[in-house]
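Please read the structure below before turning to the comments.
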Amino acid sequence: MRKIIVLAAILIPLLASSTLAETPPTAEWKDGRLSVTAEKARLAEILQAIARLTGMEVRGAEALDEEVSVQFSGLALGEALKRLLLHVNHLVLEDTSTEEGGTRLIVWVLGAGGRPPAAAVIERVEKPAPSGDQPWGPIAELVVDPDPGMRRWAVKRLGERADHEAFTRLLRVLEDDDADVRRDALTALAQYGRTAIDPVKRLLEAEKVADVRVAALQLLGQIGREDAAPFLLGVLGDPDPRVRIAAVEALGHAGEPTATEALLEGIRDKEPAVRMAALRTLAFYVGERAARDAIEQGLIDKQEAVRALGSGLVESLGSRGSAGGGSAAPPVPERVP
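Written as structure tokens, this is what we have:
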């Protein structure tokens with residue numbers, strides 16, 4: 000099991016920049032101890048030099064424009080990082096899931112104004128909760144961190160917990176200002192099955208970003224089945240063809256006759272990509288006889304790509320019928336733009 004120890008710190012002020020001429024930083028890593036000498040060197044440059052020596056990973060260093068002067072020798076890596084990351088909002092993650100079986104430090108520099116939990120909190124964030132008490136550690140604060148990258152990280156950690164408290168927090172994240180964070184929250188909600196249907200519907204009623212709407216519709220198709228069909232019917236009129244495609248594909252899981260009637264509307268959509276999605280869904284998820292009659296309409300479509308798909312699907316249905324009419328649906332091919 001992947002184990003990550005989170006050390007969150009906002010530490011004391013940076014060493015003042017020297018007035019001496021800039022020289023490249025020098026660093027030495029020996030017997031688990033670090034020595035660094037730098038005069039007016041970019042902090043990002045120093046961290047990258049240490050990373051090359053120690054194998055640690057640095058994320059977000061491009062946000063560091065400071066020039067620092069520093070000199071120390073024989074420090075443990077953690078103590079050295081404390082000296083260097085003064086006044087820098089950051090997290091230090093200790094990853095114990097390396098292939099070699101050891102640990103690796105990940106230094107994550109937060110964006111401007113990002114605030115990790117206050118100093119010196121150490122929490123094994125994936126440790127099972129004792130006696131029903133969740134060891135949330137920094138996750139509770141990171142899920143509302145000003146840095147969207149940190150919020151996404153926290154949401155993914157919440158997605159690894161299948162419990163009521165995590166579910167409640169994920170529902171709040173559906174209102175996050177960042178579209179990627181909302182989309183990650185939808186992915187994390189999949190494990191809760193039908194319990195998540197109503198919150199996802201509410202999100203769709205207010206959501207404006209097409210990519211998030213698509214993710215929500217895919218989730219409804221996965222967990223909603225026939226319960227989501229009436230809602231999906233309304234989405235078929237969405238102005239964005241990507242959203243209509245997602246609704247069509249989700250309807251494939253809704254069952255007949257609702258799905259068949261809706262998909263028949265889909266094959267008359269003004270966008271060729273939506274018509275093609277409807278044809279594929281009919282072929283793979285609807286009864287063969289009902290599908291064949293509808294798919295044959297694709298043979299007279301004005302778009303060559305739609306006609307070619309319709310021809311291939313009719314041939315596929317014929318092959319399945321002659322082979323004994325197996326009910327297993329083949330994998331859905333990659334969508335044609």
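Numbering-wise, numbering that gives the first Met the number 0 puts 11 at position 12 of the sequence shown, and it's gapless, one number per residue.
In this text, a Cβ means the ideal position worked out from N, Cα and C, and glycines have one as well.
Remember, it's a predicted structure, so these values are computed and weren't measured experimentally.
Please classify residue i: does DSSP put it in a helix, a strand, or coil?
{"i": "Q221", "result": "helix"}
{"i": "E27", "result": "strand"}
{"i": "Q70", "result": "strand"}
{"i": "L92", "result": "strand"}
{"i": "L104", "result": "strand"}
{"i": "K200", "result": "helix"}
{"i": "V124", "result": "Residue placement at V124 is flagged as unreliable, the pLDDT there being 33, under the threshold of 50; a coordinate-derived value is accordingly withheld."}
{"i": "K39", "result": "strand"}
{"i": "R160", "result": "coil"}
{"i": "L250", "result": "helix"}
{"i": "R171", "result": "helix"}
{"i": "R193", "result": "helix"}
{"i": "A118", "result": "Confidence at A118 is low in this model, with a pLDDT of 29, below 50, so the placement of that residue should be treated as unreliable; the coordinate-derived value is given next. Of the three classes helix, strand and coil, the one that applies to A118 here is coil, per DSSP."}
{"i": "V180", "result": "helix"}
{"i": "V231", "result": "Looking at the sequence itself, residue 231 is Leu, so the reference to Val does not match. The answer is helix: DSSP assigns L231 an H, G or I state."}
{"i": "L185", "result": "helix"}
{"i": "E56", "result": "strand"}
{"i": "L85", "result": "strand"}
{"i": "L216", "result": "helix"}
{"i": "L33", "result": "strand"}
{"i": "A145", "result": "A small correction: the amino acid at residue 145 is Pro; Ala does not occupy that position in the sequence shown. P145 falls in the coil class under three-state DSSP."}
{"i": "A79", "result": "helix"}
{"i": "P238", "result": "coil"}
{"i": "D64", "result": "coil"}
{"i": "E260", "result": "helix"}
{"i": "V208", "result": "coil"}
For residue i, I'd like the list of residues in its chain whose CB is within less than 6 Å of its CB, leaving aside the five on either flank, ordered along the chain.
{"i": "A40", "result": "P24"}
{"i": "P198", "result": "L170"}
{"i": "R32", "result": "G73"}
{"i": "A214", "result": "R182 and L185"}
{"i": "P188", "result": "In the sequence as displayed, the identity of residue 188 is Leu instead of Pro. Only L169 and A195 meet the Cβ criterion."}
{"i": "L216", "result": "A245, A246 and A249"}
{"i": "A111", "result": "Its pLDDT being 41, under 50, A111 is placed unreliably in this model, and the value from its coordinates should be taken loosely. Nothing meets the Cβ criterion."}
{"i": "D268", "result": "R274"}
{"i": "A258", "result": "L250"}
{"i": "T36", "result": "T25 and Q70"}
{"i": "D237", "result": "R243"}
{"i": "G223", "result": "I196"}
{"i": "D175", "result": "R181"}
{"i": "A165", "result": "L157"}
{"i": "Q302", "result": "P271"}
Once the 5 residues before and after residue i are set aside, which same chain residues still bring their CB inside 7 Å of it?
{"i": "S310", "result": "L298"}
{"i": "P240", "result": "E270, A272 and V273"}
{"i": "L52", "result": "A26 and W28"}
{"i": "D179", "result": "P147 and R151"}
{"i": "I138", "result": "V124, A153, R156 and L157"}
{"i": "T280", "result": "V247, E248, L250, G251 and L262"}
{"i": "R306", "result": "G297, L298 and D300"}
Check whether the Cβ of residue i lies closer than 7 Å to any heavy atom of the ligand GDP, and answer yes or no.
{"i": "E248", "result": "Among the components modelled here there is no ligand, and therefore nothing to report on the ligand GDP."}
Quick test of your reading: residue i and residue j, contact by CB under 8 Å. State the CB separation rounded to the nearest angstrom.
{"i": "A48", "j": "V57", "result": "At roughly 10 Å, the Cβ-Cβ gap does not stay under 8 Å, so A48 and V57 are not in contact."}
{"i": "L337", "j": "A261", "result": "Absent from the model: residue 337. The displayed extent of the chain is 0 to 336, so no value can be given."}
{"i": "S63", "j": "L42", "result": "What sits at residue 63 in the sequence shown is Leu, not Ser. Going by Cβ atoms, the distance from L63 to L42 rounds to 5 Å, so yes, they are a contact pair."}
{"i": "V172", "j": "V142", "result": "6 Å"}
{"i": "A304", "j": "M275", "result": "7 Å"}
{"i": "L312", "j": "L278", "result": "6 Å"}
{"i": "D226", "j": "R193", "result": "7 Å"}
{"i": "R103", "j": "G54", "result": "6 Å"}
{"i": "W107", "j": "L85", "result": "Rounded, the Cβ-Cβ distance is 16 Å, inconsistent with contact."}
Residues in its own chain within less than 8 Å of residue i by CB, not counting five upstream and five downstream?
{"i": "Q190", "result": "G158 and A161"}
{"i": "D242", "result": "The question names Asp, yet the displayed sequence has Val at residue 242. The residues are A209, R212, V213, L216 and V234."}
{"i": "E206", "result": "R181, R212 and A215"}
{"i": "L46", "result": "V57, A60, L63, L83 and V106"}
Next on the checklist: List, from N- to C-terminal side, the alpha helix (DSSP H) runs of 4 residues or more that fit wholly inside the region 267 to 317.
Outcome noted: 271 to 284 and 287 to 294
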